[in-house]
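Going by numbering that gives the first Met the number 0, the sequence shown runs without a break in its numbering and finishes at 400.
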Amino acid sequence: MRTIIQGLVGGVIAFIIGAALLGIVRLAFGLSFWGGEASLVAGWLAFVIGWLLGVGVWEYWVREWFNLPVKKFEATGLSRYFTFCTDHKVVGIQYLVTFLGLFLLAGLLAMVMRAELMAPGRNYMSGATYNNIMSLHGTIMVFVGVAATVGAFGNYVLPIMIGAEDMAFPRLNALSFWFVPPVAILLLASVFSNGYDTGWTGYATLASSTREGIIFYNLAFFTVGFSSILGAVNILTTVIALRAKGMYWGRLPIFVWASLGTAILSLIFTQFIALVMIMSLLDRVAGFSFFDAFAGADPLLYQNVFWFYSHPAVYVMILPGLGIALEIISVFSRKPLFAYKWAVFGMMGVVVLSALVWAHHMFTSGMDSSLRIPFMITTELISVPTGLVFLTALGTIWGGN
């Protein structure tokens, strides 16, 4: 717990410094010291840096940049799970427990929503409160779905499956996890600033005019996206560079292929959601007009970029689960995976086609009618590689013991 306390103290100090620096700049331009939402954003960016330095990035990593001795990883027992630990198994368990906690929180929010809907009319809360709870529930569930499986099981079993001692970049692996707790803090903090009622999509232009809690949503998405990109780089490098001798591509366990496909999607597409969150944030706190129709911009730009990421994100959630399911089916059928290569082709086909289907979310947006048929075709096509995975599962079960 000392590590977490250090992180919180470092984060709070950094928040004050970040907000103060922005305040000084504002005073230099003749503005008030406190900039409201802009000051919160500056403080948060500094908070993340202070948090990371406090939880161990300074002691175990940054000190060597200045030719200072770094601390050795000496934690044992349960204390390992509350420190900046580079053991891939520990990091996997940290991911699992953290996201199980968030999953439980999201489930409790869902139960509150169902309780409100048990009878017609208003029962326990106002419509605004209900929308806030619904938005927070959806956002947490998306974060859990995107990162939980590959973060937990990928970190824990992937190096073992390919014969590696650890992930390619152990400290980067630990760093990617420690981005997650501030995201949980940020989402919970949104409740105390009147929340946000945009749902998990955060659509413009509502995001520019709703309550201030939306900035917590934007910053949370950006922060967890950064964690996702770092994790993807680590998985790709580990699979490509650290396979044991004789572990050829055609011998990789199917879960490793699933994790590889997930990492490719995360690395390529997460940067788009990070970009659109920054644009939405700048619209609100800095007077930009990326999505303001009255300023000549197009609000549909947000939706296009958002779904360009979010539909591949569906397969970021699905692929690791399919990989785990195929591994389990093979074991309990007591036979090798049927049509292994076709399962690999199916997963990689999903990776490729997932980039070509986002516009089916935009069919009612007034898009050009000539675009509908191509996206209808790609939407149907992606069921083919997905079907190969299911046929592999059925073929493995068939005749199994």
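All C-beta atoms, glycine included, are put in the ideal place defined by N, C-alpha and C.
This structure is a prediction, so every number in the text was calculated from the model and none was measured.
The beta carbons of Phe81 and Met0 sit about 6 Å from each other, so the pair counts as a contact at 8 Å. Leaving aside the five residues that flank Leu7 on each side, the residues in its chain whose CB is nearer than 8 Å to its CB run, in chain order, Trp50 and Gly53. Going by DSSP, Ala262 is part of the alpha helix (DSSP H) stretching over Ile253 to Val284. If you look at Val40, you'll find it in the alpha helix (DSSP H) that goes Glu36 to Leu51. A straight line joining the alpha-carbon of Glu164 with that of Trp33 spans about 50 Å.
By the Cβ neighbour-count rule, Glu63 is exposed, with fewer than 16 other Cβ atoms within 10 Å of its own.
Sorting Asn400, Phe374 and Phe344 by C-alpha distance to the C-alpha of Leu390 places Phe344 at the top. With respect to the 8 Å criterion, Ile184 and Glu36 are not classified as neighbours on the basis of their beta carbons. Val179 and Trp397 have their C-alpha atoms spaced approximately 42 Å apart. For Glu164, the secondary structure class from DSSP, reduced to helix, strand or coil, is coil. Short of 6 Å from the beta carbon of Arg170, and not among the five residues preceding or following it, lie these beta carbons of its own chain, in chain order: Trp60 and Thr85. Put simply, the segment 195-207 touches the segment 215-228. At least three CB pairs are less than 8 Å apart.
In this structure, the beta-carbon distance from Ile228 to Leu259 does not fall below 8 Å. The beta carbon of Ala105 lies closer than 6 Å to those of His136, Ile139 and Met140 in the same chain, with the five residues before and after it left out. Below 8 Å, enough C-beta pairs join the segment 153-164 and the segment 250-267 to call them touching: three or more. Between the alpha carbons of Lys340 and Leu387 lies a distance of about 10 Å. Judged by DSSP in its simplified three-state form, Ile381 adopts coil rather than helix or strand. Per the coordinates, the alpha-carbon of Ile132 lies some 12 Å from the alpha-carbon of Phe191.
Cβ-Cβ separation between Val356 and Thr378: approximately 5 Å, consistent with a contact (criterion under 8 Å). When secondary structure is reduced to three states using DSSP, Val145 falls in the helix class. If only uninterrupted beta strand (DSSP E) runs of at least 3 residues are considered, none is enclosed by the segment 306-380. Ser382 sits away from Leu264, with the two beta carbons spaced by 8 Å or more. By the Cβ-count criterion, Asp297 is exposed, with fewer than 16 other Cβ atoms from all chains shown falling within 10 Å of its own Cβ. In the structure shown, Val156 falls within a helical segment according to DSSP collapsed to helix, strand and coil. The Cβ atoms of Gly55 and Phe83 lie closer than 8 Å to each other.
Distances from the CA of Gly162 to each of Ala243, Phe337 and Phe72 were compared; the closest alpha carbon is that of Ala243. Nearest neighbour of Phe142 by Cα position, chosen from Ala109, Ser226, Met112 and Lys70, turns out to be Ser226.
Look at the beta carbons and you see the segment 15-22 touching the segment 37-48: at least three pairs across the two are nearer than 8 Å. The segment 113-121 makes no contact with the segment 279-287; the number of CB pairs closer than 8 Å stays below 3.
The Cβ-Cβ distance between Pro384 and Gly348 falls below 8 Å. Between Val47 and Pro181, the C-beta gap is smaller than 8 Å, which places the two residues in contact.
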